[in-house]
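*Asks:*
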Amino acid sequence: MLSRVADNLYWMRRYIERADHIARVVGVNVDLVFDRAPADVARLWGRLLSALCAAPAWARVDRGGSGEALTDLMSIDAVASCFAAARENARQIRQHISGDMWEHVNGVHLALNDPARRAAWAEQPHEYFRTVREAAALFDAALNAGLARDEGWLFLQLGLFLERAGGTARLLTCQIREVWPAVGSEHGLDEQLEWICLLRACDALDLYRRRSGAELQQDRILRFLIADPLSPRSLRYALDHTSRALAVLAARVPDQPPIVLASGLTAAIDSAQAEGSDLAALVSAIEAECERIHRTLYETYIDHRRWAAPVAPREAPWTTP
Amino acid sequence: MIEHEPASGIFAGYAFGQAYDEMFAGAGRHRPHYAGIHERLCELPIELWRERQRAADMAFVTQGITFTVYGQAEGVERIFPFDLLPRLITAAEWATIERGLVQRITALNLFLRDVYHDGRIFQAGLVPRTLIRQCRHFRPEMVGVQVPHGCYLTVVGTDLVRGPDGRFLVLEDNLRVPSGVSYMLANRQIVKQVYPQLFERYHVRSIDQYPRTLLAHLREIAPEGCTDAKVVVLTPGVFNSAYYEHTFLAHEMAIDLVEGRDLLVHDNTVYAHTTGGLERVDVIYRRVDDDYLDPLTFQNDSTLGVAGLFNAYRAGRVTIANAVGTGVADDKAVYAYVPAIIRFYLSEDPILDNVETYLLDDPRQRAFVLEHLAELVVKPVGESGGYGMLVGPHSTAAQQQEMRDRILAHPRNYIAQPTLALSTAPCLVQDGVEARHVDLRPYVLCGRSITVVPGGLTRVALQRGSLVVNSSQGGGSKDTWVLGA
Numbered sequence: 216m217l218s219r220v221a222d223n224l225y226w227m228r229r230y231i232e233r234a235d236h237i238a239r240v241v242g243v244n245v246d247l248v249f250d251r252a253p254a255d256v257a258r259l260w261g262r263l264l265s266a267l268c269a270a271p272a273w274a275r276v277d278r279g280g281s282g283e284a285l286t287d288l289m290s291i292d293a294v295a296s297c298f299a300a301a302r303e304n305a306r307q308i309r310q311h312i313s314g315d316m317w318e319h320v321n322g323v324h325l326a327l328n329d330p331a332r333r334a335a336w337a338e339q340p341h342e343y344f345r346t347v348r349e350a351a352a353l354f355d356a357a358l359n360a361g362l363a364r365d366e367g368w369l370f371l372q373l374g375l376f377l378e379r380a381g382g383t384a385r386l387l388t389c390q391i392r393e394v395w396p397a398v399g400s401e402h403g404l405d406e407q408l409e410w411i412c413l414l415r416a417c418d419a420l421d422l423y424r425r426r427s428g429a430e431l432q433q434d435r436i437l438r439f440l441i442a443d444p445l446s447p448r449s450l451r452y453a454l455d456h457t458s459r460a461l462a463v464l465a466a467r468v469p470d471q472p473p474i475v476l477a478s479g480l481t482a483a484i485d486s487a488q489a490e491g492s493d494l495a496a497l498v499s500a501i502e503a504e505c506e507r508i509h510r511t512l513y514e515t516y517i518d519h520r521r522w523a524a525p526v527a528p529r530e531a532p533w534t535t536p
Numbered sequence: 139m140i141e142h143e144p145a146s147g148i149f150a151g152y153a154f155g156q157a158y159d160e161m162f163a164g165a166g167r168h169r170p171h172y173a174g175i176h177e178r179l180c181e182l183p184i185e186l187w188r189e190r191q192r193a194a195d196m197a198f199v200t201q202g203i204t205f206t207v208y209g210q211a212e213g214v215e216r217i218f219p220f221d222l223l224p225r226l227i228t229a230a231e232w233a234t235i236e237r238g239l240v241q242r243i244t245a246l247n248l249f250l251r252d253v254y255h256d257g258r259i260f261q262a263g264l265v266p267r268t269l270i271r272q273c274r275h276f277r278p279e280m281v282g283v284q285v286p287h288g289c290y291l292t293v294v295g296t297d298l299v300r301g302p303d304g305r306f307l308v309l310e311d312n313l314r315v316p317s318g319v320s321y322m323l324a325n326r327q328i329v330k331q332v333y334p335q336l337f338e339r340y341h342v343r344s345i346d347q348y349p350r351t352l353l354a355h356l357r358e359i360a361p362e363g364c365t366d367a368k369v370v371v372l373t374p375g376v377f378n379s380a381y382y383e384h385t386f387l388a389h390e391m392a393i394d395l396v397e398g399r400d401l402l403v404h405d406n407t408v409y410a411h412t413t414g415g416l417e418r419v420d421v422i423y424r425r426v427d428d429d430y431l432d433p434l435t436f437q438n439d440s441t442l443g444v445a446g447l448f449n450a451y452r453a454g455r456v457t458i459a460n461a462v463g464t465g466v467a468d469d470k471a472v473y474a475y476v477p478a479i480i481r482f483y484l485s486e487d488p489i490l491d492n493v494e495t496y497l498l499d500d501p502r503q504r505a506f507v508l509e510h511l512a513e514l515v516v517k518p519v520g521e522s523g524g525y526g527m528l529v530g531p532h533s534t535a536a537q538q539q540e541m542r543d544r545i546l547a548h549p550r551n552y553i554a555q556p557t558l559a560l561s562t563a564p565c566l567v568q569d570g571v572e573a574r575h576v577d578l579r580p581y582v583l584c585g586r587s588i589t590v591v592p593g594g595l596t597r598v599a600l601q602r603g604s605l606v607v608n609s610s611q612g613g614g615s616k617d618t619w620v621l622g623a
């Protein structure tokens, strides 16, 4: 597979996941700030921005300083540019995805840039979040239903799970930084709501209820989001799938050195089930590991030094290497 | 011919008699093979046609079948305007076109081999050697290069027009990187979607085999000794106006679409840069012009090409299709010599005639042209896409004066032809059906044999009275139905 095609597949999937992530967390925050005091509102939006790594960009746009404009400006533009980037990537690999997938990405891109629909969405943000989430889900379904589980599939999987792990890890980091010190003390209703919202932002509220019961305890929620091996929204699950995709990739492309997950990370996640472990440190270790895998992936398969790979011998010029 | 009352209803605005009309032999008298379409047009209300036209336009947008217009705001993607009503070609007409194209392309391929090797045609005094040397697309680097299987031309999109008497004439030979075939195929798909019932009434020859045929021909011309050739499509990239077509063809042929940056040359062998390292490439169907293929040999600031590609090509280690330097044979000044070229190599008379052409470096022809600028069409010889041409009857005195100055400064750079009344075909407009000028670009595929795909791109000048059909100049297209016998 062409390195550039692998690159496009990887980023196409990352951008769709990112669009879904942004729509989800912004949508949850809109609900969360609904009946809060103004100081709280500013704090919650600020946290959201840092979880999306968007604080500096927002500082340039936000003149009035209120969070209100955030939903109709930042999120629509951010999601639209994710879809635009996904479409640009898809456009370059149309022969690797199905016509339906391309038409879907293209259609969503056109809709997100349609002035009439944008005006309507500014009034009805939840309509908009729903549209984006449905679009991402449909895209995922089309990929699952229509693509061979070949090398390209592995780059899609890596794009999905690295993006999801990174996004979730940043959400957790920001939440831990602000709300975690209160562990053990009595929480107000507001704090409890924030933990529910964290689960919703990770699309994991129902998963949590089924796996851990209805009781909402913040450390249990955190451990669930970090370490539950069976929930598709946990960091553990994303890392497991990343690791599996990397192993299959290494077997399919034997000319390149295999990439393996940092040793001890899985064990550290498993022991996080126990009380008293430093969850903040663990989450940042996972975030750093995602970064490292992304970089190594590039060095190994996509941006590798061209002459590092073996060249066919001159004596047998027509055999395909 | 079947007699009808004078045009009315949907045909109220139809201009008869301005040129050969594809549908009508005279006011209200349609040609027999158009009977099915004529009947439908009279039967169904205009609103229904408009509704189907909208559906077709939407299909183009959602499928992202767009092109980029140069010289306008960055990144403007447009759909290629599409007219619902198909253009019909009878089996007998097609038989002539097919024989004529096979003959013409065979001769031009022999001509190219001769130009870059023995030069027999120069020695025979039929084509001046200086004319060839002055061609903008003549590549001295190609002299003496053995092209795999002597096959210079793989994909040709010859532009045909109908003269006033209904005969097809060759207007241009496009021998470099002709485009538009994806529109030919997409138009057919959309017609099938939008009015499948009408389609069933005719026996229309299929064009779906185009990508498979192209791939088969590309494999045929792989370098000597190469088994299981790796074929790729080379695109200038996503900003090229025909990018959609490049992805479409790569998709249909199930081969890699590569950019220059995906390839590299080592020891005169071309490799693609893959996740597993380097993979050898044997045949490149390039959609990049000669100038940009290899910065070491041609334009040295080009980033679209591959350094060292030409050397690998010269060494016979890779096939480039079409071959480098084929533009010399579609130079508009060389065009005037094609009938002589056909007679020289094949000892046959041309089956398809040329449009009468004046060469402006001949003083007598030039004097005539300068006197009659207001009636003639003047074209630059090395350009394509309709850029820089003057359509005499539709030009202002100032434009004519500007062209006169340019001709006098560089007479070799221009040719002139009589203004052709291109044939007209019925097109759907706001309130009914009107006549618009059309041409025809059939596609010819060659490897060790020649295939003329039974169909083509019918381009339409959508502005009433306009004679310019190029997509970059506001033209549109129609589906083209070659009828079975």
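Going down the list, the sequences are from chains F and H.
Counting from 1 along the first sequence, just add 215 to a position and that's the residue number in the working numbering.
Counting from 1 along the second sequence, just add 138 to a position and that's the residue number in the working numbering.
Glycine included, every Cβ here is placed at the ideal spot set by N, Cα and C.
The model shown is predicted, which means the values in this text are computed figures rather than measured ones.
1) Give me the DSSP bridge partner(s) of H:S615.
2) Mind checking F:V475: buried by the 16 CB within 10 Å criterion, or exposed?
3) DSSP on H:K368, reduced to helix/strand/coil?
4) If you draw a straight line from the C-alpha of H:V283 to the C-alpha of H:I422, how long is it?
5) For chain F, find out if any of its Cβ atoms is closer than 9 Å to the Cβ of H:D394; answer yes or no.
6) Mark F:D235 as exposed unless 16 or more other C-beta atoms lie within 10 angstroms of its C-beta, in which case mark it buried.
7) Does the count of Cβ pairs from the segment 266-275 of chain H and the segment 297-304 of chain H closer than 8 Å reach three?
8) Does F:V398 get closer than 9 Å to chain H when you measure Cβ to Cβ?
9) Counting only beta-carbon atoms, is F:R332 nearer than 9 Å to chain H?
10) Over the uninterrupted beta strand (DSSP E) stretch that includes H:I458, give me the two end residues.
11) Tell me whether H:N492 sits in a helix, a strand or coil according to DSSP, three-state version.
12) Which of the three DSSP states, helix, strand or coil, is assigned to H:I422?
13) Return yes when the Cβ of H:L514 is within less than 9 Å of the Cβ of H:T562, no when it is not.
14) Name the two residues that bound the continuous alpha helix (DSSP H) containing F:G314.
15) To the nearest angstrom, how far is it from the Cα of F:V498 to the Cα of F:A483?
16) Under three-state DSSP, which class holds H:Q96?
17) Beta-carbon within less than 8 Å of F:E504's beta-carbon, same chain only, minus the 5 sequence neighbours each way: which residues are those?
18) Please confirm if H:Y423 has its CB atom under 9 Å from at least one CB of chain F.
19) Which residues bound the beta strand (DSSP E) around H:E572?
20) Where does H:E212 fall in DSSP's three states?
21) Going straight from the alpha carbon of F:E496 to that of F:A384, what length do you get?
22) Does F:E349 get closer than 9 Å to chain H when you measure Cβ to Cβ?
23) Taking Cβ-Cβ distances shorter than 9 Å, what residues in chain H pair up with F:R229?
24) Would you say H:Y552 reaches chain F, if we count a Cβ-Cβ gap shorter than 9 Å as a contact?
25) How would you list, in chain order, the residues of chain F whose beta-carbon sits under 7 Å from the beta-carbon of H:H287?
26) Answer with buried or exposed for F:E342, where buried requires no fewer than 16 other C-beta atoms within 10 angstroms of its C-beta.
27) Kindly indicate which three-state DSSP category F:Q471 falls into: helix, strand or coil?
28) Would you report the Cα separation of H:V591 and H:R343, rounded to the nearest angstrom?
29) Taking Cβ positions only, does F:I517 come closer than 9 Å to chain H?
30) What runs of the beta strand (DSSP E), each 3 residues or longer, lie entirely inside the segment 351-385 of chain F?
31) Helix or strand or just coil, what does DSSP make of H:Y290?
32) From H:H255, H:G375 and H:E310, pick the residue whose C-alpha is nearest to that of H:V426; which is it?
33) Can you check whether the C-beta of F:Q471 is within less than 9 Å of a C-beta belonging to chain H?
34) Compare the beta carbon distance of H:G473 and H:N460 with 9 Å and say whether it is the shorter of the two.
35) Can you tell which of H:E279, H:H287, H:V319 and H:L508 has the C-alpha that lies nearest to the C-alpha of H:H384?
36) When the Cα of H:R135 is compared with those of H:P266, H:F154 and H:Y333, which residue comes out closest?
*Replies:* Taking the geometry as given:
1) Along the second sequence, read from residue 1 onward, the residue named residue 615 of chain H stands at position 477. H:F220 and H:R597, per the DSSP bridge assignment.
2) Here residue 475 of chain F is taken as the residue at index 260 of the first sequence, counted from 1. Burial check for F:V475: the Cβ neighbour count within 10 Å stays below 16, so the residue is exposed.
3) Residue 368 of chain H sits at position 230 when you count from the first residue of the second sequence. H:K368 falls in the coil class under three-state DSSP.
4) On the second sequence, residue 283 of chain H is found 145 positions in, with the first residue counted as 1. On the second sequence, residue 422 of chain H is found 284 positions in, with the first residue counted as 1. Rounded to the nearest whole angstrom, the C-alpha separation of H:V283 and H:I422 is 17 Å.
5) Within the second sequence, the letter at position 256 stands for residue 394 of chain H. Yes, because at least one Cβ of chain F sits closer than 9 Å to the Cβ of H:D394.
6) Translated into the one-based positions of the first sequence, residue 235 of chain F becomes position 20. The residue in question, F:D235, is buried, as its Cβ has 16 or more Cβ neighbours within 10 Å.
7) Look at the beta carbons and you see the segment 266-275 of chain H not touching the segment 297-304 of chain H: under three pairs across the two are nearer than 8 Å.
8) On the first sequence, position 183 is the one that residue 398 of chain F refers to. Any answer about F:V398 is weak, because its pLDDT of 48 lies below 50 and its placement is not dependable; what the coordinates show is given next. Taking a beta-carbon distance threshold of 9 Å, F:V398 does not count as an interface residue toward chain H.
9) Position 117 of the first sequence holds residue 332 of chain F. Answer no: the Cβ-Cβ gap between F:R332 and chain H never drops below 9 Å.
10) Here the question's residue 458 of chain H lines up with position 320 in the second sequence. Where H:I458 is concerned, the enclosing beta strand (DSSP E) stretches over T457 to A459.
11) Translated into the one-based positions of the second sequence, residue 492 of chain H becomes position 354. Three-state result, H:N492: strand.
12) Position 284 of the second sequence, counting from 1, holds the residue named residue 422 of chain H. Note: H:I422 maps to strand in three-state DSSP.
13) Position 424 of the second sequence, counted from the first residue, corresponds to residue 562 of chain H. Position 376 of the second sequence, counted from the first residue, corresponds to residue 514 of chain H. Not a contact, by the Cβ cut-off of 9 Å.
14) Counting from one through the first sequence, the residue named residue 314 of chain F turns up at place 99. G314 to L327 is the extent of the alpha helix (DSSP H) around F:G314.
15) Working through the first sequence from its first residue, we reach residue 498 of chain F at position 283. Working through the first sequence from its first residue, we reach residue 483 of chain F at position 268. The straight-line gap from Cα to Cα measures roughly 10 Å.
16) Within the shown structure, residues of chain H are numbered from 139 to 623, placing residue 96 of chain H beyond reach of any answer.
17) One-based indexing of the first sequence puts residue 504 of chain F at position 289. Correct list, in chain order: L454, L476, A477 and L480.
18) Walking along the second sequence from the start, residue 423 of chain H turns up at place 285. Taking a beta-carbon distance threshold of 9 Å, H:Y423 does not count as an interface residue toward chain F.
19) Walking along the second sequence from the start, residue 572 of chain H turns up at place 434. G570 to H575 is the span of the beta strand (DSSP E), which, as asked, contains H:E572.
20) The residue given as residue 212 of chain H occupies position 74 in the second sequence. Unreliable positioning characterises H:E212 in this predicted model, as indicated by a pLDDT of 48, which lies under 50. The coordinate reading is nonetheless provided below. Shown here, H:E212 sits in coil according to DSSP, grouped into three states, outside any helix or strand.
21) Position 281 of the first sequence holds residue 496 of chain F. Position 169 of the first sequence holds residue 384 of chain F. As written in the sequence, residue 496 of chain F is Ala, which differs from the Glu given in the question. Inter-residue distance for F:A496 and F:A384 is about 11 Å (C-alpha atoms, whole angstroms).
22) Stepping through the first sequence from its first residue, residue 349 of chain F is reached at position 134. No, F:E349 does not count as interfacial toward chain H.
23) As a working note, residue 229 of chain F is residue 14 in the first sequence. Chain-order list of chain H residues neighbouring F:R229: empty, with the shortest C-beta distance near 17 Å, by a criterion of under 9 Å.
24) The residue labelled residue 552 of chain H in the question sits at position 414 within the second sequence. Answer no: the Cβ-Cβ gap between H:Y552 and chain F never drops below 9 Å.
25) Locating residue 287 of chain H in the second sequence gives position 149, where the first residue counts as 1. By Cβ distance, chain F contributes nothing, its closest Cβ being about 16 Å from H:H287, past 7 Å.
26) For this step, residue 342 of chain F is matched to residue 127 along the first sequence. By the C-beta density criterion, F:E342 is exposed, having fewer than 16 other C-beta atoms within 10 angstroms.
27) If you number the first sequence from 1, residue 471 of chain F lands on position 256. Residue state, collapsed to three classes: coil.
28) Here residue 591 of chain H is taken as the residue at index 453 of the second sequence, counted from 1. Here residue 343 of chain H is taken as the residue at index 205 of the second sequence, counted from 1. Rounded to the nearest whole angstrom, the C-alpha separation of H:V591 and H:R343 is 9 Å.
29) If you number the first sequence from 1, residue 517 of chain F lands on position 302. Yes, F:I517 counts as interfacial toward chain H.
30) Those beta strand (DSSP E) runs which fall completely within the segment 351-385 of chain F and span 3+ residues do not exist here.
31) Working through the second sequence from its first residue, we reach residue 290 of chain H at position 152. H:Y290 sits in coil when the DSSP states are folded into three classes, being neither helix nor strand.
32) Position 288 of the second sequence, counted from the start, is the residue given in the question as residue 426 of chain H. Taking only the C-alpha atoms, the option nearest H:V426 is H:G375.
33) Position 256 of the first sequence, counted from the first residue, corresponds to residue 471 of chain F. Closer than 9 Å to some Cβ of chain H, the Cβ of F:Q471 qualifies, so yes.
34) Mapped onto the second sequence, residue 473 of chain H falls at position 335. Mapped onto the second sequence, residue 460 of chain H falls at position 322. A small correction: the amino acid at residue 473 of chain H is Tyr; Gly does not occupy that position in the sequence shown. No.
35) The count along the second sequence starts at 1 and reaches residue 384 of chain H at position 246. Distance check between H:H384 and each of H:E279, H:H287, H:V319 and H:L508 places H:V319 closest, using alpha-carbon atoms only.
36) Given that chain H is displayed from residue 139 to residue 623, the structure contains no residue 135 of chain H and the question cannot be resolved.
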